[in-house]
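Q: Below you'll find the structure I mean.
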Amino acid sequence: MRKLRFLKFYSSSFNGENRCKVSHLQDLRFAEVKYLHWHGYPLKSLPSNHSAEKLVFLKVPNSDIEQLWNGVKHYTKLNQLIHAACKKLIAKTLNPTLILHLNKLVILNLSGSKSLKSLPAGIFNLEFLTELDLSGCSKMKRLPEISSGFGC
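Under my numbering, residue 152 is the last one in the sequence shown; the count climbs by one each step, no gaps.
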């Protein structure tokens, strides 16, 4: 799958049970994938060996994801990050070091991420961020201060 650019698994779960039985997920290599949409992604993080440089769109709603990736990945082209209803997503996923590498991010949707308690201060320093959805993040305790350069 070296030339794969678009990958979408939709409704891979039914009644809370994951029905998508893809074996060896950690071995998949998405070197050229620009669009990844996986409803109900079954693992706790994306494969550590995947290449992030070309990814533009990442949507993994209703997933078991706790963190996006292990280690630092450079998602320099990523402009849409949608993790709606990822109930296990935790704040370490969005640490300040990683946020700095999301400099093209336009949309960040973390709605329904019930384990998320805070966001890193750098979130409002993202130049192109125009949409931040935190609806349903019931454990969110604080938001970072919004810098004067952030347009509302």
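All residues carry an ideal CB built from backbone N, CA and C; glycine is no exception.
Quick check on Ser135: buried or exposed, where buried means 16 or more other Cβ atoms within 10 Å of its Cβ?
A: Counting from 1 along the sequence shown, the entry for residue 135 is found at position 135. By the neighbour-count rule (16 or more Cβ atoms within 10 Å), Ser135 is not buried but exposed.
Q: Lys104 and Thr130 - do their beta-carbons sit closer together than 8 Å?
A: Counting from 1 along the sequence shown, the entry for residue 130 is found at position 130. Counting from 1 along the sequence shown, the entry for residue 104 is found at position 104. Result no, Cβ atoms of Thr130 and Lys104 do not sit closer than 8 Å.
Q: Going by Cα to Cα distance, which pick from Pro47, Phe128, Lys59 and Glu32 is closest to Tyr10?
A: On the sequence shown, position 10 is the one that residue 10 refers to. Checked all of Pro47, Phe128, Lys59 and Glu32; the closest Cα to Tyr10 is Lys59.
Q: What do you reckon, are the CB atoms on Leu161 and Leu36 nearer than 8 Å?
A: With the chain covering 1 to 152 only, the question about residue 161 has no answer from this structure.
Q: Taking only three categories from DSSP, how would you classify Phe128?
A: Counting from 1 along the sequence shown, the entry for residue 128 is found at position 128. It is coil, neither helix nor strand.
Q: To the nearest angstrom, how far is the alpha carbon of Leu108 from that of Phe57?
A: Position 108 of the sequence shown, counting from 1, holds the residue named residue 108. Position 57 of the sequence shown, counting from 1, holds the residue named residue 57. If you take the alpha carbons of Leu108 and Phe57, they lie about 11 Å apart.
Q: Is Ile65 helix, strand or coil by DSSP?
A: Along the sequence shown, one-based indexing puts residue 65 at 65. Three-state DSSP puts Ile65 in coil, outside helix and strand.
Q: Smallest Cα separation from Val33: which of Phe124, Lys3, Pro42 and His39?
A: Reading the sequence shown from its first residue, position 33 is the one you call residue 33. Closest by alpha carbon: Lys3.
Q: I need the DSSP call for Ile146, collapsed to helix, strand or coil.
A: Sequence index remark: in the sequence shown, residue 146 carries index 146 (1-based). The answer is coil: DSSP assigns Ile146 none of H, G, I, E or B.
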